[in-house]
Amino acid sequence: MTIKLAIIGLGTIGKRILNTVDKHSEVEVVAVYDQAAVLLDQVVHQHISIEQCAQALINRADVDVVYIGTPPATHMLYCELALQAGKTIWCEKPLAIDVDQATAFIKKLEATQVKAVVNLSLASSPVVAQISKMMDDIPIGDISSVEFQMHYSSWPRRWQSGASSWLCMREQGGFLREVFSHFVFLHQRLIGDLELQQGRVEYSDENLAETYVQAHFATHGIPVRLQGVVGGNVPDTNNWIVYAKHKSIHLSGFRALKVSENDSWQDIAVDLAGDLDMTQLNEVVKMVRNQPHKLASFQEALKVQHVVEELLAKG
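Mapping of the sequence shown onto my numbering: residues 19 to 333, in sequence order.
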């Protein structure tokens with residue numbers, strides 16, 4: 019039976035989800051809602067209903083899953099509405115910006131049978147699956163350190179200009195929430211929790227998002243370092259590097275994998291099996307059908323949020 023999906027928020031990722039569903043034989047978008055009428059005007063699919071409010075969308079009898087792709091500060095509002103209606107929740111990352119609010123919501127969620135996951139896309143990545151196999155052969159004691167390296171010529175990035183009204187702002191934007199969250203999740207799932215030791219966060223304006231970050235964490239006593247920079251004419255850099263005694267691992271971006279076993283990096287070919295939106299959607303189908311899946315739980319996403327918000331607060 020086809021799974022019926024409703025989308026709240028037609029920003030960059032919401033549109034990508036909409037387009038990905040068009041290629042999926044087991045999922046159908048039945049309704050969409052966005053506060054911006056201009057975005058709704060771009061929906062030309064005749065079979066999709068355009069709702070005038072989120073409550074009407076969520077209350078539809080034909081909706082199985084609600085995807086929430088709005089700015090982070092609104093996530094808990096729409097999650098609450100979906101929970102009250104008993105709908106399966108697929109929420110965009112970061113889970114929220116208020117840790118206490120997210121914690122209280124999860125307590126309510128755990129008292130129900132409602133399924134809920136967060137769209138941390140590395141969860142279903144074939145590259146990450148390959149890294150996980152490699153990590154099985156690396157004892158924790160062999161890891162000497164881990165690095166997160168991030169650099170962007172501008173923030174938001176050019177392809178995110180449609181979300182610049184909030185993505186560039188300190189209140190709920192910034193690359194720590196938007197990008198670092200993915201790699202915190204990856205690190206937590208493959209190695210363990212991050213404990214902040216010290217951090218420094220710089221801003222170009224009191225209202226704008228961070229432009230420079232330097233932080234030291236620890237995982238099982240392993241030093242973990244982060245450096246993030248905005249500025250300069252450079253390509254986007256998103257690296258997660260594990261330095262170990264016999265084998266080091268280098269994930270670049272969300273797709274490129276290298277391994278060093280003889281003092282030089284060697285590219286590792288991985289069958290990507292489609293884009294991450296499609297692999298995530300495949301996992302959503304498994305979740306709805308009560309099959310084992312790889313998607314990030316709300317509890318995992320809350321741990322990610324703790325790391326990011328603590329750094330922003332103390333840095």
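Note that beta-carbon positions come from the ideal geometry of N, C-alpha and C, so glycine has one too.
With DSSP as the reference, label residue i as helix, strand or coil.
{"i": "Asp285", "result": "strand"}
{"i": "Asn37", "result": "helix"}
{"i": "Ala54", "result": "coil"}
{"i": "Val252", "result": "coil"}
{"i": "Phe272", "result": "coil"}
{"i": "Ser142", "result": "helix"}
{"i": "Val242", "result": "strand"}
{"i": "Glu110", "result": "strand"}
{"i": "Val45", "result": "strand"}
{"i": "Ser199", "result": "helix"}
{"i": "Ile149", "result": "helix"}
{"i": "Ala181", "result": "helix"}
{"i": "Ile259", "result": "strand"}
{"i": "Ile158", "result": "helix"}
{"i": "Ile31", "result": "helix"}
Does the Cβ-Cβ distance between residue i and residue j come in under 8 Å?
{"i": "Val164", "j": "His200", "result": "no"}
{"i": "Met152", "j": "Lys276", "result": "no"}
{"i": "Ala49", "j": "Leu28", "result": "no"}
{"i": "Ser172", "j": "Leu313", "result": "no"}
{"i": "Pro112", "j": "Gln323", "result": "yes"}
{"i": "Ala79", "j": "His93", "result": "no"}
{"i": "Leu99", "j": "Ala72", "result": "yes"}
{"i": "Glu301", "j": "His311", "result": "yes"}
{"i": "Arg195", "j": "Pro89", "result": "no"}
{"i": "Trp184", "j": "Gln190", "result": "yes"}
{"i": "Ile149", "j": "Leu269", "result": "yes"}
{"i": "Phe193", "j": "Gly250", "result": "no"}
{"i": "Ala319", "j": "Val136", "result": "yes"}
{"i": "Leu294", "j": "Ser139", "result": "yes"}
{"i": "Val248", "j": "Tyr170", "result": "yes"}
{"i": "Val145", "j": "Val288", "result": "yes"}
{"i": "Phe166", "j": "Trp258", "result": "yes"}
Along the alpha helix (DSSP H) that carries residue i, what are the first and last residues, could you check?
{"i": "Gln216", "result": "First-last for Gln216: Glu213 to Tyr221, but that is the beta strand (DSSP E), not the alpha helix (DSSP H)."}
{"i": "Ala331", "result": "Phe316 to Lys332"}
{"i": "Val61", "result": "Careful: Val61 lies outside any alpha helix (DSSP H) and carries neither H nor E."}
{"i": "Cys97", "result": "His93 to Gln102"}
{"i": "Gln167", "result": "Per DSSP, Gln167 belongs to no alpha helix (DSSP H); it is in the beta strand (DSSP E), Ile161 to Tyr170."}
{"i": "Ile76", "result": "Ala72 to Ile76"}
{"i": "Ile124", "result": "Val117 to Glu128"}
Let's see if you can read the secondary structure: which residues bound the beta strand (DSSP E) around residue i?
{"i": "Thr237", "result": "Glu228 to Thr237"}
{"i": "Ala24", "result": "Ile21 to Ile26"}
{"i": "Asn264", "result": "The question names Asn, but residue 264 is His in the sequence shown. Per DSSP, His264 belongs to no beta strand (DSSP E) and is neither H nor E."}
{"i": "Met296", "result": "From DSSP, Met296 is part of no beta strand (DSSP E) but of the alpha helix (DSSP H) over Leu294 to Val306."}
{"i": "Val132", "result": "It is not in any beta strand (DSSP E) - Val132 carries neither H nor E in the DSSP assignment."}
{"i": "Val83", "result": "Val83 to Ile86"}
Kindly list the residues whose CB is nearer than 6 Å to the CB of residue i, restricted to its own chain and excluding five residues on each side of it in sequence; keep chain order.
{"i": "Ala233", "result": "Gly217, Leu244 and Leu329"}
{"i": "Asp160", "result": "Ala262 and Lys263"}
{"i": "Ile209", "result": "Thr237"}
{"i": "Gly271", "result": "Asn256"}
{"i": "Ile158", "result": "His238"}
{"i": "Ala274", "result": "none"}
{"i": "Val83", "result": "Leu23, Thr106 and Trp108"}
{"i": "Ser278", "result": "Ser266"}
{"i": "Gly292", "result": "none"}
{"i": "Ser222", "result": "Thr229"}
Excluding the 5 residues flanking residue i on each side, which residues of the same chain have their C-beta closer than 7 Å to its C-beta?
{"i": "Val303", "result": "Ile21, Glu44 and Val45"}
{"i": "Ala103", "result": "Ile76 and Asn77"}
{"i": "Val260", "result": "Ile161, Val164, Ser266 and Ile267"}
{"i": "Leu127", "result": "Leu101, Ala134 and Phe316"}
{"i": "Ile25", "result": "Gly32, Ile35, Leu36, Val47, Val50, Tyr85 and Gly87"}
{"i": "Met187", "result": "Asn225, Leu226 and Ala227"}
{"i": "Ala181", "result": "Gly29, Thr30 and Pro174"}
{"i": "Ile124", "result": "Phe316, Gln317 and Leu320"}
Between which residues of its own chain and residue i is the CB-CB distance below 8 Å, once the five residues before and five after are set aside?
{"i": "Leu212", "result": "Val202, His205, Gln206, Phe235, Ala236, Thr237, Val242 and Val325"}
{"i": "Glu220", "result": "Glu228, Thr229, Tyr230 and Val231"}
{"i": "Lys133", "result": "Thr106, Ile107, Met305 and Val306"}
{"i": "Lys332", "result": "Leu214 and Gly217"}
{"i": "Lys41", "result": "Met296"}
{"i": "Asp285", "result": "Ala274, Leu275 and Lys276"}
Can you tell me whether residue i sits near the ligand COA, meaning its C-beta is under 7 Å from at least one heavy atom of the ligand?
{"i": "Ile26", "result": "For the structure depicted, the ligand COA is absent and the ligand set is empty, with no information on it obtainable."}
Can a CB atom of chain B be found closer than 8 Å to the CB of residue i?
{"i": "Lys276", "result": "Going by chain labels, chain B is absent from the structure shown, which holds only one protein chain."}
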